Amino acid sequence: MSEKTFPLSAPELKAFAEKHGTPFHIYDGRAIRKRAESMLEAFSWTPVFINYFAVKALPNINILRLLHSAGFGADCSSLPELLLAREAGIPAEKIMFSSNDTSDEEFLAALDMEVILNLDDESYISDILRLNGKLPETISFRYNPGSERTGNAIIGNPVEAKYGVTHSQLIGCYQRAKELGVKNFMLHTMVASNELNEDYIVETARMLFTLVDEIKQKAGIRISQLDLGGGIGIPYRPEDKEISFYSLSEKIRTLYEEMIEKKNLGPVRLSFECGRTITGPYGYLVSRVQHVEHKYRDYVGLDASMADLMRPGMYGAYHHITVSGKEKEKADHVYDVTGSLCENNDKFAVQRTLPAIEKGDILIIHDTGAHGHSMGFNYNAKLRHAEYLILDDGIYRIRRNETYEDYIRTMLKEPQRLD
Ligand code: LLP
């Protein structure tokens, strides 16, 4: 069971919403820091441990800075994400560039910034040679185990997933990299998304530890760091159970001792690229009820929309909803909770049992701290909303509301004739 709480009391939230407006995302920076620190503590037995926070989950410089000060690096998958990480003050050696279908422009920027390159395909070796004349000293390859693992609905079944180098390509990639002068070899994989089964992640560690041995035997190459990717799940539903970093870490430790230390394959640094489990549960979308409508179903219409949180519409994902101030009231009404897009998928919840809701109520949509605001968009010319961060000494604005002027900034009011 995971209890769904909110860091402000109902009167505090009411006063805040009246003063600053709704909707908005708000993050509990104190809880995020604690979660980050607990991950580092749980894995402190490793030779070196780092979590490269997946910037895509919550790409706000203030969050990246907070996580960097807690000891995290950044995992970036695009040029703007690299620039965000740099602007947050994260040093190059703590930035992993884990893109796919990567453009020349992105490779050039990543090479220039000297971040760690995690290559998604064997052909990228030639791309880098063409662009740079040589490979960097450190290189990582992303591994796709194919039918060896099952994957899941969000990340896809590995055999059908576009990511990573296959088993039969992997040794060749390392051999070629070695011939081209690479000195430090890393291995990465990402075979789960929102995974709540700890043992699935332990199996990923086992798979990587096995590969360390195989790569040593077949290519004579020592892997210095293993990156287990992101994908640790969070308890979106109250009945789900959170993954404990401590218990996960202990299981991985047992395997490390058996499969790496005993075989003299170490030391091997470990890393993750978790986003969701670090910030997800500590973010909330706060929205006010604009209408309660009675049609063939009962609808609660919010001032937020799928443009603020697309996970329910895109994946049918569950996000828990509470009504501020009515937490103790009996949930005896069934509603579809909708946004205002001209799009019937614009629903935060379908046939959800909630207390009786009135116009003006404030709804809290939970677990929006990862893949929430970041997946927002501008359909229906909806403007994107503010983000706030709670710290020890108060609440900070970390993104203002988008304005109409922001929205049309890239639009040319008169067509520009091209030569
Ligand atoms: N590293 C790589 C290479 C990734 O592709 C991802 C997510 C992560 C790390 C972070 O995964 P996390 O720990 O945050 O689950 N937008 C979707 C999830 C797509 C995940 C894509 N890759 C969602 O809303 O659930």
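Sequential numbering from 14 applies to the sequence shown in our numbering.
Don't be surprised by glycine CBs; every beta carbon is placed ideally from N, CA and C.
It should be emphasised that the depicted structure is a prediction, and the values quoted were computed from it without experimental measurement.
Per the coordinates, the alpha-carbon of P248 lies some 22 Å from the alpha-carbon of I403. Taking 7 Å as the cut-off, one finds at least one heavy atom of ligand 1 near enough to the beta carbon of T290.
Apart from sequence neighbours up to five positions away, the residues of its chain that approach S160 with a beta-carbon distance below 8 Å are P171, V172, ordered along the chain.
Counting of Cβ neighbours within 10 angstroms places E100 among the exposed residues, the total staying below 16.
Per DSSP, A399 is one residue of the beta strand (DSSP E) stretching across 399-404. Under the three-pair Cβ rule at 8 Å, the segment 40-49 does not count as touching the segment 241-256. A383 is positioned such that its CB atom lies closer than 8 Å to that of R289.
Bridge partners of Q238 according to DSSP: M199, R282. Ligand 1 never approaches S257 closely enough for any of its heavy atoms to be under 7 Å from the residue's Cβ. L97 is classed as buried because its beta carbon has at least 16 other beta carbons within 10 Å across all chains shown. Per DSSP, M109 lies in no alpha helix (DSSP H) segment; the continuous beta strand (DSSP E) that holds it begins and ends at 108-110.
By the Cβ test, the segment 315-322 is in contact with the segment 390-403, since at least three Cβ pairs between them sit closer than 8 Å. Taking the Cα of G338 as reference, the smallest distance to any Cα among V302, D345, A67, L376 is reached at L376.
A49 and L80 have their C-alpha atoms spaced approximately 7 Å apart. Note that the C-beta distance between V299 and I39 is below 8 Å. Not one heavy atom of ligand 1 falls within 7 Å of the beta-carbon of K175. The alpha carbon of Y401 has as its nearest neighbour, out of S257, A30, Y309, the alpha carbon of A30. Residue range 289-292 is occupied by the alpha helix (DSSP H) that includes T290. The C-beta separation of F62 from S284 comes to about 7 Å, placing the pair in contact by the 8 Å criterion. When rounded, the separation of the alpha-carbon atoms in I103 and H333 is 33 Å. T59 carries a coil assignment under DSSP once its states are collapsed to helix, strand and coil.
Counted as a single uninterrupted DSSP element, the beta strand (DSSP E) harbouring Q303 occupies residues 296-307. Shown here for D133: same chain residues with a beta carbon closer than 8 Å to its own, the five before and five after excluded, namely S111, S112, N113, D114, T115, R155, Y176, G177, V178 in chain order. By the C-beta criterion, the segment 138-154 is judged to be in contact with the segment 185-202, since at least 3 inter-stretch pairs fall below 8 Å. When the beta-carbon positions are compared, L124 and L144 come within less than 8 Å of each other. Membership of S260 in the alpha helix (DSSP H) is indicated by the continuous run 258-269. Taking the CA atoms as reference points, S181 sits about 12 Å from L224. Here the C-alpha atom of K341 lies approximately 17 Å from the C-alpha atom of H379. For S237, the closest alpha carbon among the candidates P93, V281, E252, F120 is that of V281.
The count of Cβ pairs closer than 8 Å, one atom from the segment 201-214 and one from the segment 253-271, reaches three, so the stretches are in contact. Within the same chain, V302, V336 come within 6 Å of D374 by CB-CB distance, once the 5 residues on both sides are set aside. Assigned with DSSP and collapsed to three states, D349 falls in strand.
Relative to ligand 1, the beta carbon of S15 is positioned no closer than 7 Å to any heavy atom. The beta carbons of H307 and G314 sit no closer together than 8 Å.
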